[in-house]
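Residue numbers (this note's numbering): 31 to 378. The beta carbon of each residue, even a glycine, is placed where N, CA and C say it ideally should be.
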């Protein structure tokens with residue numbers, strides 16, 4: 031029994047040390063968020079961040095400041111308050127998780143708009159990466175008249191980014207959140223894009239159009255796994271032959287696929303958070319397998335152009351298979367199709 035008692039004591043000491051280390055990391059993150067816009071920092075605040083390489087000063091008697099390069103990055107954001115707000119929300123969600131609580135939606139309209147604008151900025155980066163790495167995409171943007179489907183459109187910032195990049199493009203944004211569509215109406219109106227972006231209160235899993243779009247955007251972070259699975263064959267039918275489906279996942283790899291310990295932990299954290307939030311926790315490799323199984327072809331990774339999510343692109347076959355109804359979409363009458371193409375605005 032002595033060895034068992036000694037082993038328990040060692041485990042207790044090790045666990046306490048690890049909990050302290052993890053708790054320190056939480057407080058460092060909070061300190062970094064609190065440093066945005068603070069200049070100079072208090073001695074205690076600056077010393078904490080300096081211990082982690084996040085703050086600096088010009089001399090022993092000079093005040094602490096956030097590292098100049100980090101301060102420049104955070105200060106260059108369209109909404110500098112967005113970073114501390116996002117960190118605070120993550121910490122609240124982590125606290126809810128620790129106590130087994132479901133996190134309520136705390137986003138007010140201002141936060142919702144800020145999050146949407148950030149998504150639009152990322153989309154501009156994605157579009158240039160797609161133009162560089164997907165054959166024919168740059169020409170489609172510059173000279174084509176593509177019809178774009180934005181799944182989970184939110185405030186419409188992603189659809190706006192595409193039609194602003196492609197002079198001949200029009201877009202349809204679908205969402206199941208009425209508040210999002212109300213804000214989209216305001217956002218798109220403010221950018222003068224209401225005539226080029228149609229927003230709809232619609233679930234992509236119930237999409238019934240056929241050969242209607244040239245490009246579709248599918249962010250897994252807004253869909254439950256069952257909805258994603260139901261949406262893929264619908265999107266295969268809704269896209270025109272040769273059309274492009276662009277999928278974004280927050281995972282860079284499955285935890286077991288990563289060889290680096292830090293990357294492994296990060297992937298595992300992201301995957302668990304996605305699962306707890308009820309959204310699709312698919313890795314890029316899982317996305318590839320699902321797309322190919324559904325009937326998409328030429329599935330390729332575009333990488334993580336903005337450093338946030340991994341983007342994959344896949345083509346609809348130029349000749350659709352017709353074997354025992356394989357990949358056949360939902361029946362759509364001509365009148366249904368006309369109604370589905372008619373501009374509708376559900377934002378209020």
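Who are the near neighbours of residue i in its chain, counting only those whose CB is closer than 6 Å to its CB and skipping five residues on each side?
| i | result |
| --- | --- |
| residue 378 | Note that residue 378 has pLDDT 30, beneath the 50 cutoff, so the model's placement of it is unreliable and no number is given. |
| residue 48 | none |
| residue 168 | 161 |
| residue 334 | 340 |
Find out if the Cβ-Cβ distance for the pair residue i, residue j is shorter than 9 Å.
| i | j | result |
| --- | --- | --- |
| residue 137 | residue 145 | yes |
| residue 331 | residue 338 | no |
| residue 218 | residue 278 | no |
| residue 204 | residue 179 | yes |
| residue 306 | residue 127 | yes |
| residue 185 | residue 210 | yes |
By a C-beta neighbour count over all protein chains shown, 10 Å radius and 16 as the cutoff for buried, is residue i buried or exposed?
| i | result |
| --- | --- |
| residue 38 | exposed |
| residue 309 | buried |
| residue 69 | exposed |
| residue 173 | exposed |
| residue 239 | buried |
| residue 177 | buried |
| residue 36 | exposed |
| residue 189 | buried |
| residue 302 | exposed |
| residue 53 | exposed |
Once you ignore the five residues that flank residue i on each side, which residues in its own chain have a CB closer than 7 Å to its CB?
| i | result |
| --- | --- |
| residue 110 | 66, 67, 104 |
| residue 272 | 345, 346, 348 |
| residue 148 | 112 |
| residue 223 | 190, 193 |
Take residue i and list the residues in its own chain whose beta-carbon comes closer than 8 Å to its own, dropping the five residues that flank it on each side.
| i | result |
| --- | --- |
| residue 17 | Because residue 17 is not part of the residues shown, which for the chain are 31 to 378, the question remains open. |
| residue 95 | 69, 70, 71, 76, 85, 86, 87, 101 |
| residue 261 | 181, 234, 235, 237, 248, 253 |
| residue 132 | 126 |
| residue 232 | 204, 205, 206 |
| residue 140 | none |
Just checking my contact of residue i with residue j at CB under 8 Å: how many whole Å lie between their CB atoms?
| i | j | result |
| --- | --- | --- |
| residue 202 | residue 221 | About 16 Å; that fails the 8 Å criterion. |
| residue 311 | residue 281 | 7 Å |
Checklist entry - What are the start and end residues of each continuous beta strand (DSSP E) run of 3 or more residues lying completely inside the region 171-211, in chain order? => result Taking only runs of at least 3 residues, the beta strand (DSSP E) segments lying wholly in the region 171-211 are 177-181, 200-205.
Next on the checklist: Extract the residue ranges of the alpha helix (DSSP H) inside the region 42-104, only unbroken runs of 4 or more that lie entirely within it.
Outcome noted: Within the region 42-104, the complete alpha helix (DSSP H) runs of at least 4 residues are 73-81.
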